[in-house]
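Trainee:
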Amino acid sequence: MTKEKALASLGQASLLRPAMVREALHANERLKLLLTLLQAAARHAHPGSAAVDLSREIAATDIGQYEDVRWLRELPNLAEPDAAGIHLPGLERLRARLKADLAQMAAPLRTEGPGEFDARLAHWQERLATGGDHLAGTELEELTQATRAHGDSLHLLVMDLHKAVNALAARLSEQEIAGAQTWQLSADGGDVGRIEAFMRGLRRTAAAKLDHPGLETSATRDGDTLLIQNDIGTNDAHVLVIQVRGLATTLTYSDLHATRFASFQRALAEAGASWGASEARTSAGLNAGDAFHVGVATFTAADEAALCAQLEAMAARIVFLIDWNRARKQLAAVAGKKLAVQVLEAAAAQGCGHMGWLRAGGAQLVWDAMASLGDAAFRLGERLDDVLTPEAARDYLVQLLDRAWHAAQARQPSQLVADEARVLLARTLAGRHRGFELLQEHAAFCHAIASALHEGILHGALVDAAAAQRLARRARDWEHQADVLVNRCRDQAQRQPRWQAFARLLEGADEIADALEEAAFTVSALAQCGQGDWQRPVLQALEALARTVAEAIQDHVRGVEIAAGLEPSSDARDHQEYLDALWRVQQAERSCDQLHRAFRLEAARGLAHAGALQLGNELAGALEAASDAVLAFGWRLREHALHRAAGEVR
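Have a look at this one:
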């Protein structure tokens, strides 16, 4: 189905005939090809005939939008002679294509009522509706002969329709402006600058579609409104119509893909569009009867220059809609649905788009790059975002799309893009790993427990049983969530050797969380005991120990964050910042040793109750154990970070 039905469904009747003329001219090219295929099949049916290759002729038309081009290429070579002509498997399908294209070619000529071609059209539509896969010799002659003395033929009808459609096109198209077909514009020339602005934006990014069809533009005036219509691509329900009245612009957009529709809404919103509520519509004969989405965006300009800038900006975004959904599906296969949309929107913002990537191999480029790195990096069935962080996966894909675009512009071979995909992925793996994401999440849970502990001790949780129980419950929940991260990393390490180093790191980090959770439990036990005589020196010694542990864990969080970004390209300041954080952890651990001893001394002097003294020492011991675990983890992470800084993939 073609664009004119979509335009009709959007209520833009004045744009129908030029769009129908364009489609009729495309149908003419398809009809000529199909008749050529029939003649080639008839020749091939003779014994001893060579194989027929019409690949170039097929590629020169847009018939691939309607039919499987592999079937069309093979069709002539399937012909075999029979008693009264030839037998051609698939001929019935070809007849149906001829019938549909004939109706398409005549459509713009029939909009004004009965015409000179009606009887001939009805005759050939009826003839093409029957016949099966057998083609008699006389029928081939009737279909393809071009001599009027021998009577009418389908070929002659197509020739006559072509002349009539060309004449109609000449009447409609009064002027071409910057590549747009226009007619009946304002007499004062005020529409010209606006159309030129739109076409300027279109040309700015049009190269991103490579040789894909689409972006043909037509414009006309309907009363006080300039109408601009763009054929985005090849889908029947994918239409964009712009109405300009005064300094206000309204854009009506229809799309059968809800995700692409939403992405285009976001893109135009960034350019200043205000969108109304979208709706799902159905129309007989359009998009196979399935629903498609329609929305209206409005722009208001302060002056003519601003209006032209808006038209240029919206036109520059259109090219990135072409084959968007095909690219989204392939990207989703390698990185998930959410990342796929993010990558497409980022590539559009950079101006490279996705067509170069599709041309170079699309998702297969990424699968091949992943496979080239071996099982140590990726396992069968994994996606990029299973191994990389989502941010790293997105950045890698955007860089790859950009590189493929530049390669297409320079006419470089796809193999070069494939090689660059592998090199780029190896570099990305050397610089990023999702294991750091788990380490950072785990460090955040440790920091939450340590901060809550310090605040609880400082604000009386030792003598407030309800507050202490709340602290213990929160610490237990956080420690459980930290355990989940450790187990997730262990599971990954069983499948991927490259995760084993992170599993060991997380197991070490979990000793911090365990010690802190034990300390929170002990605070609750002390508060429930209610026997502690927390004199000021004892409380101050314990608070100082808890504060120093919390500060050490703050540096632990910072150290993990810095280590995640260390790579061979990191400068000396990054390395020094990481070592400074590690040094502060080491100093804190030494301070905690001293503060632990100071507390034990004050507790022995100030806590008379044996149970409180024992639990108090256990609390201080748990805090000191947490500081020991922070330091031990810091040294393990240091070794890992130094390997990464040296360029070793870990």
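Under this note's numbering, think of the first position of the sequence shown as 1118, with each following residue one higher. Think of the CB as a built atom: it goes at the ideal place given N, C-alpha and C, for glycine as much as any other residue.
Can you give the Cα-Cα distance for residue 1149 and residue 1221, rounded to whole angstroms?
Mentor: 14 Å
Trainee: Can you say whether residue 1403 is buried or exposed, counting buried as having 16 or more other CB atoms within 10 angstroms of its CB?
Mentor: Note that residue 1403 scores 42 on pLDDT, short of 50, meaning its location in the model is unreliable; the coordinates nonetheless yield the value given after this. Its Cβ being crowded by 16 or more others within 10 Å, residue 1403 is buried.
Trainee: For residue 1412, which of 1581, 1381, 1716 has the nearest alpha-carbon?
Mentor: Of all alpha-carbon atoms in 1581, 1381, 1716, the one lying nearest the alpha-carbon of residue 1412 is that of 1381.
Trainee: I believe residue 1252 touches residue 1202 by the beta-carbon criterion, under 8 Å. Please report the beta-carbon distance rounded to the nearest angstrom.
Mentor: 5 Å
Trainee: Over what stretch of residues does the beta strand (DSSP E) that includes residue 1367 continue unbroken?
Mentor: 1365-1372
Trainee: Report buried or exposed for residue 1254, applying the criterion of at least 16 other Cβ atoms within 10 angstroms of its Cβ.
Mentor: exposed
Trainee: Measure how close the beta-carbons of residue 1208 and residue 1170 come, nearest whole angstrom, since I'm counting them as under 8 Å.
Mentor: Rounded, the Cβ-Cβ distance is 19 Å, inconsistent with contact.
Trainee: Going by DSSP, what residues sit across from residue 1198 in a beta bridge?
Mentor: 1203
Trainee: Taking buried to mean at least 16 other C-beta atoms within 10 Å of its own C-beta, is residue 1198 buried or exposed?
Mentor: exposed
Trainee: How should residue 1746 be labelled, buried or exposed, when 16 other C-beta atoms within 10 angstroms of its C-beta is the threshold for buried?
Mentor: buried
Trainee: Could you check what DSSP says for residue 1434 in three-state terms: helix, strand or coil?
Mentor: In the structure shown, residue 1434 sits in a helix (DSSP, three-state: H, G or I).
Trainee: Residue 1159 to residue 1343, Cα distance in whole Å?
Mentor: Residue 1159 and residue 1343 have their C-alpha atoms spaced approximately 51 Å apart.
Trainee: Hey, could you find the ends of the beta strand (DSSP E) residue 1300 is sitting in?
Mentor: 1297-1300
Trainee: What's the gap between the Cα of residue 1749 and the Cα of residue 1387?
Mentor: Using only the alpha carbons, I get a separation of about 49 Å.
Trainee: Where does residue 1416 sit, in a helix, a strand or coil, going by DSSP?
Mentor: strand
Trainee: So what does DSSP say about residue 1294, is it helix, strand or coil?
Mentor: strand
Trainee: Does the beta carbon of residue 1195 fall short of 6 Å from some heavy atom of the ligand MN?
Mentor: The model depicted lacks the ligand MN and carries no ligand whatsoever.
Trainee: Mapping DSSP to helix, strand and coil, what is residue 1244?
Mentor: helix
Trainee: For the stretch 1293-1300 and the stretch 1324-1339, state whether three or more C-beta atom pairs, one from each stretch, are separated by less than 8 Å.
Mentor: yes
Trainee: Is it right to say residue 1454 is buried, meaning 16 or more other beta carbons lie within 10 angstroms of its own, or is it exposed?
Mentor: exposed
Trainee: Going by the CB atoms, is the gap between residue 1349 and residue 1461 shorter than 7 Å?
Mentor: no
Trainee: Using the rule of at least 16 other Cβ atoms within 10 Å of the residue's Cβ for burial, across every protein chain shown, is residue 1420 buried or exposed?
Mentor: Exposed, because fewer than 16 other Cβ atoms sit within 10 Å of the Cβ of residue 1420.
Trainee: Nearest CA to the CA of residue 1489: which residue from 1719, 1538, 1755, 1523?
Mentor: 1538
Trainee: Looking at C-alpha atoms only, which residue of 1456, 1185, 1666 is the closest neighbour of residue 1503?
Mentor: 1456
Trainee: Return helix, strand or coil for residue 1665, following the three-state DSSP convention.
Mentor: helix
Trainee: Could you check whether residue 1464 and residue 1518 sit closer than 7 Å to each other, using their CB atoms as the reference points?
Mentor: Yes; because the gap between Cβ atoms is below 7 Å, this pair is in contact.
Trainee: Would you list, in sequence order, the uninterrupted alpha helix (DSSP H) runs of no fewer than 4 residues that lie entirely inside the stretch 1245-1288?
Mentor: 1254-1261
Trainee: Taking just the CA atoms, how far does residue 1217 sit from residue 1282?
Mentor: 17 Å
Trainee: Is there contact here, the stretch 1181-1196 with the stretch 1227-1243, by at least three beta-carbon pairs under 8 Å?
Mentor: no
Trainee: Would you kindly work out how many angstroms separate the C-alpha atoms of residue 1511 and residue 1482, rounded to a whole number?
Mentor: 15 Å
Trainee: Kindly identify the DSSP beta-bridge partner or partners of residue 1347.
Mentor: 1334, 1357
Trainee: Do residue 1161 and residue 1196 have their CB atoms nearer than 7 Å?
Mentor: yes
Trainee: Is residue 1169 helix, strand or coil when you go by DSSP?
Mentor: Looking at residue 1169 - three-state DSSP - the assignment turns out to be coil, as it is neither helix nor strand.
Trainee: What are the boundary residues of the alpha helix (DSSP H) that includes residue 1529?
Mentor: Where residue 1529 is concerned, there is no enclosing alpha helix (DSSP H), given that its DSSP letter is neither H nor E.
Trainee: With DSSP as the reference, identify every bridge partner of residue 1362, one or two as the case may be.
Mentor: 1365
Trainee: How would you write the range of the alpha helix (DSSP H) that residue 1326 sits in, first residue to last?
Mentor: No alpha helix (DSSP H) contains residue 1326, which DSSP labels as neither H nor E.
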